[in-house]
Amino acid sequence: MVPVTSTATGQGALASSGSRRNHPLVTVIILCFGGMVAALMQSLVIPIQPELPQLLNTSTANASWVITATLLAAAVAMPIGGRLADMIGKRRVLILSAALLVAGSLAAALSTGLLLMLLGRVLQGLAMAFIPVGISMMREVTPPAMTATAVAAMSATLGVGGAIGLPLSAWIAQTYDWHMLFWVSTVLAGLILAAVLFVLPDGAPGVGGRIDVIGSIGLAVGLVATLVAVSKGNDWGWTSGTTLGLLVGGLIVLVAWGFFELRHDDPLVDLRTSARPRVLITNIATVTIGFGMMAMMLCVPQIMEYPTSTGFGLGKSMLEAGLWMMPGGIMMMIFAPVSSILIKKVGPAVTLAIGAFVVAGGYVLAYFLMDAAWKLSLASIVGTVGVAIAYAAMPTIIMSSVPQSETGAAIGLNALMRSLGTTICSAVAAAIISAKSVTMAGHVIPTQGAFETIFVVAAVAALLAGVIALMIPKPQVEDPAETDAPAEVAPAAAK
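Following this line, the structure appears as C-alpha coordinates:
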(Lines of atoms letter the chains of each structure in order from A; the text may use other names.)
(Lines give C-alpha, C1' and ligand atoms only; values in the text may rest on other atoms or scores of the structure.)
Protein backbone atom coordinates (compact mmCIF):
# COMPACT_ATOMS: atom_id res chain seq x y z
CA MET A 21 0.00 0.00 0.00
CA VAL A 22 1.23 3.50 -0.87
CA PRO A 23 0.66 6.33 1.62
CA VAL A 24 -1.00 9.45 0.29
CA THR A 25 -1.07 12.74 2.13
CA SER A 26 -3.27 15.74 1.51
CA THR A 27 -2.05 19.31 1.42
CA ALA A 28 -4.46 20.39 4.15
CA THR A 29 -6.91 18.96 6.57
CA GLY A 30 -10.35 20.14 7.54
CA GLN A 31 -13.08 21.80 5.54
CA GLY A 32 -11.87 25.26 6.46
CA ALA A 33 -9.02 24.92 3.99
CA LEU A 34 -11.46 25.62 1.20
CA ALA A 35 -11.72 29.20 2.35
CA SER A 36 -8.00 29.69 2.87
CA SER A 37 -6.22 32.51 1.14
CA GLY A 38 -4.41 30.08 -1.11
CA SER A 39 -7.60 28.58 -2.52
CA ARG A 40 -8.48 29.26 -6.14
CA ARG A 41 -11.93 30.85 -6.41
CA ASN A 42 -14.38 31.86 -9.13
CA HIS A 43 -18.12 32.23 -9.57
CA PRO A 44 -19.83 28.88 -8.81
CA LEU A 45 -21.62 29.00 -12.16
CA VAL A 46 -18.27 29.03 -13.96
CA THR A 47 -17.24 25.95 -11.98
CA VAL A 48 -20.48 24.15 -12.87
CA ILE A 49 -20.05 24.97 -16.56
CA ILE A 50 -16.48 23.64 -16.59
CA LEU A 51 -17.43 20.41 -14.85
CA CYS A 52 -20.49 19.87 -17.07
CA PHE A 53 -18.52 20.53 -20.24
CA GLY A 54 -15.83 18.12 -19.10
CA GLY A 55 -18.40 15.46 -18.29
CA MET A 56 -20.10 15.93 -21.67
CA VAL A 57 -16.83 15.51 -23.59
CA ALA A 58 -15.85 12.47 -21.54
CA ALA A 59 -19.26 10.91 -22.26
CA LEU A 60 -18.92 11.79 -25.96
CA MET A 61 -16.03 9.31 -26.17
CA GLN A 62 -18.53 6.47 -25.71
CA SER A 63 -20.30 7.19 -29.02
CA LEU A 64 -17.35 8.64 -30.93
CA VAL A 65 -16.49 5.53 -32.95
CA ILE A 66 -20.03 4.28 -33.62
CA PRO A 67 -20.20 5.84 -37.13
CA ILE A 68 -16.97 4.10 -38.21
CA GLN A 69 -17.56 0.83 -36.35
CA PRO A 70 -18.42 -1.21 -39.51
CA GLU A 71 -15.24 0.05 -41.25
CA LEU A 72 -12.88 -0.44 -38.29
CA PRO A 73 -11.52 -3.84 -39.48
CA GLN A 74 -10.43 -2.29 -42.78
CA LEU A 75 -9.25 1.00 -41.24
CA LEU A 76 -7.09 -0.80 -38.66
CA ASN A 77 -6.14 -3.76 -40.87
CA THR A 78 -7.48 -6.31 -38.41
CA SER A 79 -10.30 -8.81 -37.97
CA THR A 80 -13.86 -7.94 -37.04
CA ALA A 81 -13.49 -9.69 -33.69
CA ASN A 82 -10.35 -7.71 -32.85
CA ALA A 83 -11.90 -4.44 -33.99
CA SER A 84 -14.82 -4.91 -31.59
CA TRP A 85 -12.37 -4.35 -28.71
CA VAL A 86 -12.11 -0.70 -29.74
CA ILE A 87 -15.50 -0.17 -28.08
CA THR A 88 -15.21 -2.83 -25.37
CA ALA A 89 -11.84 -1.52 -24.14
CA THR A 90 -13.34 1.89 -23.34
CA LEU A 91 -16.20 0.30 -21.43
CA LEU A 92 -13.86 -1.86 -19.34
CA ALA A 93 -11.46 0.98 -18.56
CA ALA A 94 -14.32 3.26 -17.49
CA ALA A 95 -15.77 0.60 -15.20
CA VAL A 96 -12.43 0.21 -13.42
CA ALA A 97 -11.62 3.93 -13.31
CA MET A 98 -14.83 5.22 -11.75
CA PRO A 99 -14.67 3.60 -8.28
CA ILE A 100 -10.87 3.82 -8.07
CA GLY A 101 -10.84 7.42 -9.26
CA GLY A 102 -13.56 8.30 -6.76
CA ARG A 103 -11.57 6.87 -3.85
CA LEU A 104 -8.39 8.61 -5.01
CA ALA A 105 -10.32 11.90 -5.19
CA ASP A 106 -11.38 11.51 -1.55
CA MET A 107 -7.76 11.01 -0.54
CA ILE A 108 -5.84 13.63 -2.53
CA GLY A 109 -8.56 16.09 -3.50
CA LYS A 110 -11.03 16.01 -6.35
CA ARG A 111 -9.39 18.71 -8.46
CA ARG A 112 -6.19 16.67 -8.73
CA VAL A 113 -8.09 13.63 -10.01
CA LEU A 114 -9.99 15.83 -12.47
CA ILE A 115 -6.65 17.10 -13.78
CA LEU A 116 -5.43 13.51 -14.13
CA SER A 117 -8.64 12.47 -15.91
CA ALA A 118 -8.46 15.39 -18.35
CA ALA A 119 -4.79 14.61 -19.05
CA LEU A 120 -5.67 10.98 -19.75
CA LEU A 121 -8.40 12.16 -22.12
CA VAL A 122 -5.88 14.31 -24.01
CA ALA A 123 -3.35 11.47 -24.19
CA GLY A 124 -5.95 8.91 -25.26
CA SER A 125 -7.44 11.14 -27.94
CA LEU A 126 -3.98 11.97 -29.29
CA ALA A 127 -2.95 8.30 -29.40
CA ALA A 128 -6.12 7.39 -31.32
CA ALA A 129 -5.63 10.34 -33.69
CA LEU A 130 -2.12 9.12 -34.53
CA SER A 131 -3.06 5.45 -34.81
CA THR A 132 -2.93 3.47 -38.03
CA GLY A 133 -3.22 0.03 -36.44
CA LEU A 134 -5.09 -1.75 -33.68
CA LEU A 135 -2.53 -1.56 -30.85
CA LEU A 136 -2.20 2.23 -30.65
CA MET A 137 -5.95 2.64 -31.16
CA LEU A 138 -6.67 0.29 -28.23
CA LEU A 139 -4.22 2.19 -26.05
CA GLY A 140 -5.97 5.44 -26.89
CA ARG A 141 -9.42 4.01 -26.23
CA VAL A 142 -8.32 2.58 -22.87
CA LEU A 143 -6.98 5.98 -21.82
CA GLN A 144 -10.22 7.62 -22.95
CA GLY A 145 -12.15 5.11 -20.84
CA LEU A 146 -10.00 5.83 -17.79
CA ALA A 147 -10.91 9.50 -18.21
CA MET A 148 -14.56 8.64 -17.48
CA ALA A 149 -13.65 9.03 -13.80
CA PHE A 150 -14.11 12.74 -14.52
CA ILE A 151 -17.90 12.35 -14.32
CA PRO A 152 -18.40 10.81 -10.85
CA VAL A 153 -15.58 12.91 -9.37
CA GLY A 154 -17.09 16.04 -10.91
CA ILE A 155 -20.51 15.19 -9.48
CA SER A 156 -19.06 14.65 -6.00
CA MET A 157 -17.16 17.95 -6.25
CA MET A 158 -20.42 19.85 -6.82
CA ARG A 159 -21.18 19.37 -3.13
CA GLU A 160 -18.02 21.27 -2.21
CA VAL A 161 -17.92 24.21 -4.61
CA THR A 162 -21.52 25.35 -5.04
CA PRO A 163 -23.70 27.37 -2.67
CA PRO A 164 -26.79 25.68 -1.16
CA ALA A 165 -29.27 27.07 -3.68
CA MET A 166 -27.31 25.71 -6.63
CA THR A 167 -26.13 22.25 -5.58
CA ALA A 168 -29.09 20.09 -6.61
CA THR A 169 -29.38 21.79 -10.01
CA ALA A 170 -25.62 21.52 -10.55
CA VAL A 171 -25.64 17.79 -9.71
CA ALA A 172 -28.61 17.28 -12.04
CA ALA A 173 -26.86 19.12 -14.87
CA MET A 174 -23.62 17.17 -14.40
CA SER A 175 -25.54 13.89 -14.33
CA ALA A 176 -27.35 14.85 -17.54
CA THR A 177 -24.07 15.27 -19.41
CA LEU A 178 -23.95 11.49 -19.83
CA GLY A 179 -26.94 11.64 -22.14
CA VAL A 180 -26.06 14.97 -23.72
CA GLY A 181 -22.58 13.77 -24.68
CA GLY A 182 -23.97 10.68 -26.37
CA ALA A 183 -26.80 12.56 -28.09
CA ILE A 184 -24.55 15.27 -29.50
CA GLY A 185 -21.68 12.90 -30.18
CA LEU A 186 -23.57 10.58 -32.52
CA PRO A 187 -24.60 13.13 -35.22
CA LEU A 188 -21.39 15.13 -34.76
CA SER A 189 -19.14 12.11 -35.20
CA ALA A 190 -21.26 10.87 -38.12
CA TRP A 191 -20.90 14.21 -39.89
CA ILE A 192 -17.14 14.37 -39.24
CA ALA A 193 -16.65 10.77 -40.41
CA GLN A 194 -18.63 11.42 -43.62
CA THR A 195 -16.90 14.72 -44.38
CA TYR A 196 -13.29 14.19 -43.32
CA ASP A 197 -10.74 11.44 -42.71
CA TRP A 198 -11.74 9.30 -39.72
CA HIS A 199 -8.72 10.51 -37.75
CA MET A 200 -10.41 13.90 -37.53
CA LEU A 201 -12.80 12.41 -34.96
CA PHE A 202 -9.93 12.05 -32.54
CA TRP A 203 -8.21 15.32 -33.45
CA VAL A 204 -11.43 17.11 -32.52
CA SER A 205 -11.64 15.17 -29.27
CA THR A 206 -7.96 16.06 -28.57
CA VAL A 207 -8.73 19.76 -28.90
CA LEU A 208 -11.82 19.48 -26.68
CA ALA A 209 -9.88 17.50 -24.08
CA GLY A 210 -7.11 20.11 -24.15
CA LEU A 211 -9.63 22.86 -23.44
CA ILE A 212 -10.95 20.89 -20.47
CA LEU A 213 -7.45 20.30 -19.12
CA ALA A 214 -6.63 24.00 -19.37
CA ALA A 215 -9.88 24.99 -17.65
CA VAL A 216 -9.37 22.51 -14.81
CA LEU A 217 -5.76 23.59 -14.35
CA PHE A 218 -6.23 27.35 -14.43
CA VAL A 219 -9.87 28.09 -13.60
CA LEU A 220 -11.41 25.33 -11.48
CA PRO A 221 -11.34 26.05 -7.72
CA ASP A 222 -9.45 23.80 -5.36
CA GLY A 223 -12.46 22.34 -3.55
CA ALA A 224 -12.12 20.60 -0.21
CA PRO A 225 -8.71 19.06 0.57
CA GLY A 226 -8.23 15.33 0.52
CA VAL A 227 -8.40 13.35 3.74
CA GLY A 228 -5.17 11.45 3.07
CA GLY A 229 -4.83 7.72 3.60
CA ARG A 230 -3.23 4.80 1.83
CA ILE A 231 -3.85 3.63 -1.69
CA ASP A 232 -5.23 0.09 -1.45
CA VAL A 233 -3.10 -1.42 -4.22
CA ILE A 234 -4.23 -5.01 -3.66
CA GLY A 235 -7.86 -3.94 -3.50
CA SER A 236 -7.49 -1.88 -6.69
CA ILE A 237 -5.92 -4.79 -8.57
CA GLY A 238 -8.54 -7.23 -7.27
CA LEU A 239 -11.42 -4.98 -8.28
CA ALA A 240 -9.90 -4.37 -11.72
CA VAL A 241 -9.33 -8.08 -12.40
CA GLY A 242 -12.77 -9.09 -11.15
CA LEU A 243 -14.59 -6.36 -13.09
CA VAL A 244 -12.71 -6.88 -16.34
CA ALA A 245 -13.19 -10.65 -16.32
CA THR A 246 -16.91 -10.38 -15.49
CA LEU A 247 -17.68 -7.56 -17.93
CA VAL A 248 -15.75 -9.20 -20.77
CA ALA A 249 -17.80 -12.37 -20.25
CA VAL A 250 -21.07 -10.41 -20.26
CA SER A 251 -20.04 -8.24 -23.22
CA LYS A 252 -18.71 -11.07 -25.38
CA GLY A 253 -20.99 -13.90 -24.24
CA ASN A 254 -23.31 -13.56 -27.22
CA ASP A 255 -20.38 -13.69 -29.68
CA TRP A 256 -18.45 -16.46 -27.96
CA GLY A 257 -21.46 -18.46 -26.81
CA TRP A 258 -22.82 -18.36 -23.28
CA THR A 259 -21.84 -21.97 -22.65
CA SER A 260 -18.33 -21.72 -24.12
CA GLY A 261 -15.40 -22.43 -21.84
CA THR A 262 -14.00 -18.92 -22.32
CA THR A 263 -17.23 -17.18 -21.36
CA LEU A 264 -17.96 -19.41 -18.37
CA GLY A 265 -14.34 -19.33 -17.22
CA LEU A 266 -14.16 -15.55 -17.27
CA LEU A 267 -17.60 -15.14 -15.68
CA VAL A 268 -17.05 -17.62 -12.85
CA GLY A 269 -13.46 -16.53 -12.34
CA GLY A 270 -14.43 -12.86 -12.27
CA LEU A 271 -17.20 -13.43 -9.74
CA ILE A 272 -14.87 -15.48 -7.51
CA VAL A 273 -12.30 -12.68 -7.59
CA LEU A 274 -14.97 -10.10 -6.73
CA VAL A 275 -16.19 -12.18 -3.78
CA ALA A 276 -12.62 -12.58 -2.53
CA TRP A 277 -12.09 -8.85 -3.05
CA GLY A 278 -15.17 -8.15 -0.92
CA PHE A 279 -13.86 -10.24 1.97
CA PHE A 280 -10.47 -8.52 1.68
CA GLU A 281 -12.05 -5.05 1.73
CA LEU A 282 -14.14 -5.88 4.82
CA ARG A 283 -10.99 -6.84 6.73
CA HIS A 284 -8.96 -3.87 5.50
CA ASP A 285 -8.49 -0.86 7.77
CA ASP A 286 -8.36 1.60 4.82
CA PRO A 287 -10.33 -0.08 2.01
CA LEU A 288 -10.70 1.06 -1.57
CA VAL A 289 -14.49 0.87 -1.12
CA ASP A 290 -16.05 0.88 2.34
CA LEU A 291 -18.47 -2.00 1.83
CA ARG A 292 -20.07 -1.41 5.24
CA THR A 293 -21.06 2.07 4.14
CA SER A 294 -22.17 0.68 0.77
CA ALA A 295 -24.36 -1.85 2.60
CA ARG A 296 -26.40 0.87 4.30
CA PRO A 297 -30.00 0.45 3.11
CA ARG A 298 -30.20 3.84 1.38
CA VAL A 299 -26.94 3.28 -0.48
CA LEU A 300 -27.50 -0.39 -1.28
CA ILE A 301 -31.07 -0.01 -2.55
CA THR A 302 -30.12 3.07 -4.58
CA ASN A 303 -27.29 1.15 -6.25
CA ILE A 304 -29.63 -1.75 -7.05
CA ALA A 305 -32.08 0.71 -8.61
CA THR A 306 -29.20 2.26 -10.53
CA VAL A 307 -28.44 -1.05 -12.25
CA THR A 308 -32.02 -1.30 -13.52
CA ILE A 309 -32.08 2.38 -14.54
CA GLY A 310 -28.86 1.84 -16.51
CA PHE A 311 -30.47 -1.15 -18.19
CA GLY A 312 -33.53 0.90 -19.07
CA MET A 313 -31.53 3.82 -20.45
CA MET A 314 -29.31 1.74 -22.73
CA ALA A 315 -32.10 -0.03 -24.61
CA MET A 316 -33.30 3.22 -26.17
CA MET A 317 -29.79 4.11 -27.35
CA LEU A 318 -29.34 0.64 -28.84
CA CYS A 319 -32.67 0.19 -30.60
CA VAL A 320 -33.91 3.55 -31.87
CA PRO A 321 -30.91 4.30 -34.15
CA GLN A 322 -31.08 0.78 -35.61
CA ILE A 323 -34.80 1.05 -36.39
CA MET A 324 -34.23 4.41 -38.05
CA GLU A 325 -31.28 3.17 -40.13
CA TYR A 326 -32.60 -0.18 -41.37
CA PRO A 327 -34.02 0.08 -44.92
CA THR A 328 -37.75 0.35 -45.43
CA SER A 329 -37.69 -2.99 -47.27
CA THR A 330 -37.40 -4.71 -43.89
CA GLY A 331 -40.98 -3.74 -43.11
CA PHE A 332 -40.05 -1.77 -39.99
CA GLY A 333 -36.90 0.21 -40.88
CA LEU A 334 -37.21 3.91 -41.65
CA GLY A 335 -34.30 4.17 -44.13
CA LYS A 336 -32.45 7.05 -42.45
CA SER A 337 -28.73 7.69 -42.66
CA MET A 338 -26.65 7.57 -39.49
CA LEU A 339 -26.42 11.36 -39.50
CA GLU A 340 -30.19 11.67 -39.85
CA ALA A 341 -30.76 9.10 -37.10
CA GLY A 342 -28.38 10.99 -34.84
CA LEU A 343 -30.16 14.26 -35.48
CA TRP A 344 -33.52 12.65 -34.60
CA MET A 345 -31.94 11.38 -31.36
CA MET A 346 -30.37 14.72 -30.45
CA PRO A 347 -33.53 16.38 -28.99
CA GLY A 348 -33.66 13.70 -26.30
CA GLY A 349 -30.15 14.52 -25.12
CA ILE A 350 -30.83 18.24 -25.14
CA MET A 351 -33.99 17.70 -23.08
CA MET A 352 -31.89 15.96 -20.45
CA MET A 353 -30.01 19.20 -19.83
CA ILE A 354 -33.15 21.34 -20.02
CA PHE A 355 -34.82 19.17 -17.36
CA ALA A 356 -31.95 19.57 -14.88
CA PRO A 357 -33.73 22.43 -13.04
CA VAL A 358 -36.98 20.44 -13.05
CA SER A 359 -35.17 17.52 -11.44
CA SER A 360 -33.80 19.89 -8.80
CA ILE A 361 -37.28 21.18 -8.01
CA LEU A 362 -38.63 17.65 -7.69
CA ILE A 363 -35.79 16.69 -5.34
CA LYS A 364 -36.61 19.67 -3.10
CA LYS A 365 -40.36 19.11 -3.18
CA VAL A 366 -40.74 15.34 -2.82
CA GLY A 367 -37.25 14.13 -1.94
CA PRO A 368 -34.63 12.34 -4.08
CA ALA A 369 -36.01 8.80 -3.56
CA VAL A 370 -39.48 9.70 -4.88
CA THR A 371 -37.82 11.71 -7.65
CA LEU A 372 -35.85 8.62 -8.65
CA ALA A 373 -39.07 6.59 -8.77
CA ILE A 374 -40.77 9.27 -10.91
CA GLY A 375 -37.85 9.25 -13.33
CA ALA A 376 -37.96 5.45 -13.60
CA PHE A 377 -41.70 5.45 -14.32
CA VAL A 378 -41.24 8.13 -17.01
CA VAL A 379 -38.53 5.96 -18.61
CA ALA A 380 -41.00 3.06 -18.66
CA GLY A 381 -43.55 5.35 -20.33
CA GLY A 382 -41.02 6.18 -23.03
CA TYR A 383 -40.65 2.48 -23.87
CA VAL A 384 -44.40 2.00 -23.99
CA LEU A 385 -44.58 4.84 -26.52
CA ALA A 386 -41.69 3.37 -28.51
CA TYR A 387 -43.48 0.01 -28.70
CA PHE A 388 -46.49 1.62 -30.39
CA LEU A 389 -44.74 4.42 -32.33
CA MET A 390 -42.19 2.64 -34.48
CA ASP A 391 -43.63 3.66 -37.86
CA ALA A 392 -42.20 7.19 -38.17
CA ALA A 393 -38.97 8.93 -37.20
CA TRP A 394 -40.72 11.81 -35.43
CA LYS A 395 -42.74 9.36 -33.35
CA LEU A 396 -39.65 7.43 -32.28
CA SER A 397 -37.96 10.74 -31.52
CA LEU A 398 -40.91 11.66 -29.28
CA ALA A 399 -40.64 8.34 -27.43
CA SER A 400 -36.90 8.90 -27.07
CA ILE A 401 -37.49 12.36 -25.62
CA VAL A 402 -39.89 10.97 -23.01
CA GLY A 403 -37.44 8.21 -22.08
CA THR A 404 -34.43 10.51 -21.82
CA VAL A 405 -36.38 13.01 -19.70
CA GLY A 406 -37.04 10.16 -17.29
CA VAL A 407 -33.34 9.27 -17.32
CA ALA A 408 -32.45 12.91 -16.58
CA ILE A 409 -34.78 12.95 -13.56
CA ALA A 410 -33.45 9.63 -12.27
CA TYR A 411 -29.80 10.48 -12.85
CA ALA A 412 -30.17 13.71 -10.87
CA ALA A 413 -31.70 11.87 -7.91
CA MET A 414 -29.21 8.99 -7.61
CA PRO A 415 -26.09 10.95 -6.63
CA THR A 416 -28.16 13.14 -4.32
CA ILE A 417 -29.31 10.08 -2.38
CA ILE A 418 -25.77 8.71 -2.24
CA MET A 419 -24.27 11.99 -1.03
CA SER A 420 -26.90 12.25 1.69
CA SER A 421 -26.04 8.79 2.97
CA VAL A 422 -22.25 8.72 3.25
CA PRO A 423 -19.64 10.82 5.07
CA GLN A 424 -18.26 13.67 2.99
CA SER A 425 -14.84 12.02 3.15
CA GLU A 426 -16.25 9.06 1.18
CA THR A 427 -18.36 10.97 -1.35
CA GLY A 428 -16.04 10.41 -4.31
CA ALA A 429 -15.75 6.66 -3.78
CA ALA A 430 -19.50 6.29 -3.19
CA ILE A 431 -20.43 8.24 -6.33
CA GLY A 432 -17.83 6.26 -8.29
CA LEU A 433 -19.37 2.99 -7.13
CA ASN A 434 -22.82 4.27 -8.11
CA ALA A 435 -21.49 5.14 -11.56
CA LEU A 436 -20.10 1.62 -11.81
CA MET A 437 -23.57 0.21 -11.05
CA ARG A 438 -24.99 2.29 -13.89
CA SER A 439 -22.28 0.98 -16.21
CA LEU A 440 -23.07 -2.57 -15.12
CA GLY A 441 -26.72 -2.01 -16.02
CA THR A 442 -25.88 -0.74 -19.50
CA THR A 443 -23.53 -3.69 -20.08
CA ILE A 444 -26.17 -6.22 -19.04
CA CYS A 445 -28.69 -4.47 -21.29
CA SER A 446 -26.35 -4.70 -24.27
CA ALA A 447 -25.90 -8.44 -23.67
CA VAL A 448 -29.63 -9.07 -23.23
CA ALA A 449 -30.50 -7.01 -26.33
CA ALA A 450 -27.90 -8.90 -28.38
CA ALA A 451 -29.32 -12.24 -27.21
CA ILE A 452 -32.88 -11.17 -28.11
CA ILE A 453 -31.81 -9.93 -31.53
CA SER A 454 -29.88 -13.15 -32.15
CA ALA A 455 -32.93 -15.23 -31.25
CA LYS A 456 -35.34 -13.13 -33.34
CA SER A 457 -33.51 -12.61 -36.62
CA VAL A 458 -34.24 -13.57 -40.22
CA THR A 459 -32.20 -13.76 -43.42
CA MET A 460 -33.05 -11.13 -46.04
CA ALA A 461 -31.10 -10.69 -49.28
CA GLY A 462 -28.24 -12.71 -47.81
CA HIS A 463 -28.05 -10.63 -44.63
CA VAL A 464 -29.17 -11.64 -41.14
CA ILE A 465 -31.30 -8.86 -39.67
CA PRO A 466 -33.48 -8.61 -36.57
CA THR A 467 -37.24 -8.70 -36.88
CA GLN A 468 -39.60 -6.01 -35.65
CA GLY A 469 -40.57 -8.39 -32.89
CA ALA A 470 -36.98 -8.34 -31.59
CA PHE A 471 -37.12 -4.61 -30.98
CA GLU A 472 -40.61 -4.84 -29.52
CA THR A 473 -39.39 -7.48 -27.08
CA ILE A 474 -36.44 -5.30 -26.05
CA PHE A 475 -38.80 -2.36 -25.45
CA VAL A 476 -41.00 -4.54 -23.25
CA VAL A 477 -38.04 -5.88 -21.26
CA ALA A 478 -36.64 -2.36 -20.81
CA ALA A 479 -40.04 -1.03 -19.69
CA VAL A 480 -40.27 -3.79 -17.09
CA ALA A 481 -36.73 -3.00 -15.90
CA ALA A 482 -37.62 0.69 -15.54
CA LEU A 483 -40.80 -0.14 -13.65
CA LEU A 484 -38.80 -2.41 -11.36
CA ALA A 485 -36.35 0.44 -10.75
CA GLY A 486 -39.25 2.69 -9.75
CA VAL A 487 -40.61 0.13 -7.30
CA ILE A 488 -37.13 -0.38 -5.81
CA ALA A 489 -36.70 3.39 -5.47
CA LEU A 490 -39.89 3.63 -3.43
CA MET A 491 -38.33 1.16 -0.98
CA ILE A 492 -35.40 3.47 -0.20
CA PRO A 493 -35.69 4.42 3.48
CA LYS A 494 -35.69 8.02 4.59
CA PRO A 495 -32.48 9.39 6.13
CA GLN A 496 -32.20 8.93 9.87
CA VAL A 497 -30.99 12.49 10.40
CA GLU A 498 -31.33 15.61 8.33
CA ASP A 499 -28.46 15.87 5.91
CA PRO A 500 -27.44 18.90 3.84
CA ALA A 501 -27.48 16.88 0.61
CA GLU A 502 -31.16 16.10 1.09
CA THR A 503 -32.01 19.78 1.18
CA ASP A 504 -29.44 20.89 -1.37
CA ALA A 505 -27.34 22.55 1.32
CA PRO A 506 -23.78 21.29 1.73
CA ALA A 507 -23.39 23.01 5.07
CA GLU A 508 -19.80 22.02 5.69
CA VAL A 509 -18.43 23.93 2.73
CA ALA A 510 -21.23 26.13 1.40
CA PRO A 511 -20.25 29.27 3.31
CA ALA A 512 -16.76 29.23 1.82
CA ALA A 513 -17.91 28.27 -1.64
CA ALA A 514 -20.48 31.06 -1.71
CA LYS A 515 -18.00 33.80 -0.92
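Reading the sequence shown from the start, the letters are residues 21 to 515 in the working numbering.
Virtual Cβ for every residue (Gly too), placed ideally from N, Cα, C.
Predicted model only: the values in this text are computed from it and were never measured.
CA nearest to the CA of residue i, picked from the options
i, options, result
"residue 46", "445, 249, 495 and 158", "158"
"residue 6", "289, 180 and 222", "Residue 6 cannot be examined here, being either before or after the span of the chain that is shown, 21 to 515."
"residue 432", "479, 198, 102 and 60", "102"
"residue 124", "350, 170, 202 and 108", "202"
"residue 151", "434, 367 and 374", "434"
"residue 449", "493, 315, 170 and 296", "315"
"residue 91", "407, 396, 470 and 248", "248"
"residue 389", "212, 324, 221 and 456", "324"
"residue 223", "466, 83, 51 and 277", "51"
"residue 185", "401, 474, 339 and 465", "339"
"residue 79", "93, 215 and 135", "135"
"residue 114", "156, 133 and 130", "156"
"residue 81", "351, 276, 254 and 274", "254"
"residue 406", "423, 427, 398 and 374", "374"
"residue 122", "96, 57, 95 and 110", "57"
"residue 153", "326, 258 and 55", "55"
"residue 394", "346, 422, 424 and 376", "346"
"residue 418", "86, 297, 63 and 217", "297"
Supposed contact pair residue j and residue i - C-beta distance, whole angstroms, cut 8 Å
i, j, result
"residue 484", "residue 293", "The Cβ separation is near 25 Å, so there is no contact."
"residue 305", "residue 488", "4 Å"
"residue 227", "residue 312", "With 8 Å as the limit, residue 227 and residue 312 do not qualify as a contact, their Cβ atoms being about 35 Å apart."
"residue 209", "residue 118", "6 Å"
"residue 75", "residue 198", "6 Å"
"residue 67", "residue 183", "Actually they do not touch by this definition, with Cβ atoms about 14 Å apart."
"residue 387", "residue 475", "5 Å"
"residue 439", "residue 95", "5 Å"
"residue 160", "residue 290", "That belief does not hold up - the Cβ atoms of residue 160 and residue 290 are roughly 19 Å apart, past 8 Å."
"residue 451", "residue 106", "About 38 Å separates the two Cβ atoms, so there is no contact after all."
"residue 44", "residue 177", "With a Cβ gap of about 17 Å, residue 44 and residue 177 do not count as contacting."
"residue 359", "residue 408", "6 Å"
Helix, strand or coil at residue i [DSSP, three-state]
i, result
"residue 230", "strand"
"residue 63", "helix"
"residue 260", "coil"
"residue 255", "helix"
"residue 366", "helix"
"residue 110", "helix"
"residue 166", "coil"
"residue 99", "helix"
"residue 76", "coil"
"residue 28", "Any reading at residue 28 must be qualified, since the residue scores a pLDDT of 38, below 50, and its modelled position is unreliable; the value itself is stated next. Reduced to three states, the DSSP call for residue 28 is coil."
"residue 238", "helix"
"residue 503", "Any reading at residue 503 needs caution, since the residue's pLDDT is 41, under 50, leaving its predicted position unreliable; the model's value is listed next. Three-state result, residue 503: helix."
"residue 297", "helix"
"residue 410", "helix"
"residue 88", "helix"
"residue 292", "helix"
"residue 321", "helix"
"residue 219", "coil"
"residue 276", "helix"
"residue 334", "coil"
"residue 132", "coil"
"residue 224", "coil"
"residue 44", "helix"
Length of the line joining the Cα atoms of residue i and residue j
i, j, result
"residue 127", "residue 195", "21 Å"
"residue 341", "residue 99", "33 Å"
"residue 415", "residue 486", "16 Å"
"residue 479", "residue 53", "30 Å"
"residue 71", "residue 368", "44 Å"
"residue 241", "residue 458", "38 Å"
"residue 206", "residue 149", "17 Å"
"residue 494", "residue 477", "29 Å"
"residue 279", "residue 239", "12 Å"
"residue 371", "residue 356", "12 Å"
"residue 252", "residue 266", "10 Å"
"residue 453", "residue 402", "24 Å"
"residue 284", "residue 328", "59 Å"
"residue 145", "residue 120", "9 Å"
"residue 131", "residue 137", "5 Å"
"residue 246", "residue 321", "28 Å"
"residue 420", "residue 73", "47 Å"
"residue 89", "residue 270", "17 Å"
Chain C contact for residue i (CB, 8 Å cutoff)
i, result
"residue 275", "Reference to chain C is not applicable here, since this structure consists of a single protein chain."
What beta strand (DSSP E) runs, 3 residues minimum, are completely inside the segment 414–491? 457–460 and 463–466
Whole beta strand (DSSP E) elements within the segment 340–404, 3-residue minimum: none
Inside the segment 166–215 only - alpha helix (DSSP H) runs reaching at least 4 residues: 167–195, all fully within the segment 166–215.
Which residue spans inside the segment 139–164 form an unbroken alpha helix (DSSP H) run of at least 4? 150–161
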